[in-house]
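Residue numbering for the sequence shown follows UniProt numbering, beginning at 1 and increasing consecutively.
We put the beta carbon where it would ideally sit given N, CA and C, even for glycine.
None of the values given here were measured: they were computed from a predicted structure.
Since the structure comes first, as C-alpha cells, the remarks are kept for the end.
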Amino acid sequence: MDRLIEFAQANLLLSVAFAGLTVALVYTEIARLFRPFKGVSPAQLTDLINRENALVLDIRGQAEFEKGHIIGARHLLPSQVDPEGKLLAKAKESPVVVVCYAGVSATGVAQKLAKAGFTRVSVLEGGIGAWQQAGLPLAKGKA
Numbered sequence: 001m002d003r004l005i006e007f008a009q010a011n012l013l014l015s016v017a018f019a020g021l022t023v024a025l026v027y028t029e030i031a032r033l034f035r036p037f038k039g040v041s042p043a044q045l046t047d048l049i050n051r052e053n054a055l056v057l058d059i060r061g062q063a064e065f066e067k068g069h070i071i072g073a074r075h076l077l078p079s080q081v082d083p084e085g086k087l088l089a090k091a092k093e094s095p096v097v098v099v100c101y102a103g104v105s106a107t108g109v110a111q112k113l114a115k116a117g118f119t120r121v122s123v124l125e126g127g128i129g130a131w132q133q134a135g136l137p138l139a140k141g142k143a
C-alpha cells in the first residue's frame with residue numbers, strides 16, 4: 001500500500017486521470033441501469049424481429065442506409081422521428097429497436113421515444129457494426 005501511495009504522489013497527473021476515468025466509467029454504468037430503454041444484441045434483435053415483428057428504425061444517413069441495412073428496417077433521420085407520426089403511432093406497445101452506426105446516437109432517439117410513452121424501446125448495442133460482426137445479412141438500396 002505504501003508503494004501505491006508513493007506512486008500516486010510521484011505521478012500526480014496520471015493518478016488524477018485514472019481517478020477521473022474510474023468515476024466516468026462508474027457513472028456511465030449506473031446511468032445505464034436507470035435509462036428507460038434497454039440494449040439488445042444482434043441475436044436478441046433477430047429474435048425480436050422473428051417472434052414479435054419488431055419495428056427497426058435505422059437513423060443513419062440515407063447513403064449509409066442504402067449501402068446496407070437490416071432487412072425490413074425503416075429509415076428515419078433523428079430529426080424525422082415523430083412519436084405521433086404515421087409510422088410510429090401504431091407501435092407504442094410493440095418492440096421498437098433503434099439502430100445507428102455504433103450504438104451511440106440511437107440512445108437519444110430511444111430516450112425521446114420512451115419519454116413519449118413507448119413501452120418497449122431498445123437500442124442495438126454496437127450498432128450496425130455489431131450486426132455485421134455477427135455475420136448477419138444486410139439488404140442494400142432503399143427500404
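Identity of the residue in the options nearest residue i by Cα
i: Gly135; options: His69, Ala89, Asn53; result: His69
i: Lys142; options: Gln44, Lys90, Arg74, Pro42; result: Arg74
i: Ala89; options: Thr28, Leu55, Glu64, Ser79; result: Leu55
i: Gly108; options: Arg3, Gln80, Ala91; result: Gln80
i: Gln62; options: Pro78, Asp47, Ile49; result: Pro78
i: Trp131; options: Asn50, Leu45, Glu84; result: Leu45
Local Cβ density within 10 Å of residue i, reported as buried at 16 or more and exposed below that
i: Ala122; result: Checking the displayed sequence, the identity of residue 122 turns out to be Ser instead of Ala. Flag for Ser122 reads buried.
i: Asp58; result: buried
i: Arg3; result: exposed
i: Pro42; result: buried
i: Gly103; result: buried
i: Ile71; result: exposed
i: Leu13; result: exposed
i: Leu48; result: buried
i: Ile128; result: buried
i: Gly126; result: buried
i: Pro76; result: Checking the sequence, you will find Leu at residue 76 rather than Pro. Buried, because 16 or more other Cβ atoms sit within 10 Å of the Cβ of Leu76.
is_contact[residue i, chain D] using C-beta, thresh 8 angstroms
i: Lys115; result: No chain D appears in this structure, which consists of one protein chain only.
Bounding residues of the beta strand (DSSP E) (the contiguous stretch that carries residue i)
i: Val121; result: 121 to 124
i: residue 157; result: Because the chain spans 1 through 143 in this model, residue 157 falls outside it and cannot be assessed.
Span of the alpha helix (DSSP H), counted from its first residue to its last, around residue i
i: Leu55; result: Careful: Leu55 lies outside any alpha helix (DSSP H), inside the beta strand (DSSP E) at 55 to 58.
i: Lys142; result: Counting along the chain, Lys142 falls outside any alpha helix (DSSP H), and DSSP gives it neither H nor E.
i: Ile128; result: 127 to 133
i: Ala63; result: 62 to 67
i: Ile71; result: First-last for Ile71: undefined, no H or E at that position.
C-beta atoms of residue i and residue j nearer than 8 angstroms
i: Val96; j: Ala106; result: no
i: Leu124; j: Val40; result: yes
i: Val34; j: Gln111; result: The residue you asked about is not Val; residue 34 is Phe in the sequence shown. Their beta carbons are not under 8 angstroms apart, which means Phe34 does not touch Gln111 by this criterion.
i: Glu52; j: Tyr101; result: no
i: Lys92; j: Gly117; result: yes
i: Lys140; j: Glu29; result: no
i: Ser94; j: Arg120; result: yes
i: Gly8; j: Ser15; result: Looking at the sequence itself, residue 8 is Ala, so the reference to Gly does not match. Going by C-beta atoms, Ala8 is nearer than 8 angstroms to Ser15.
Residues bridged to residue i [DSSP beta-bridge criterion]
i: Lys38; result: Ser122
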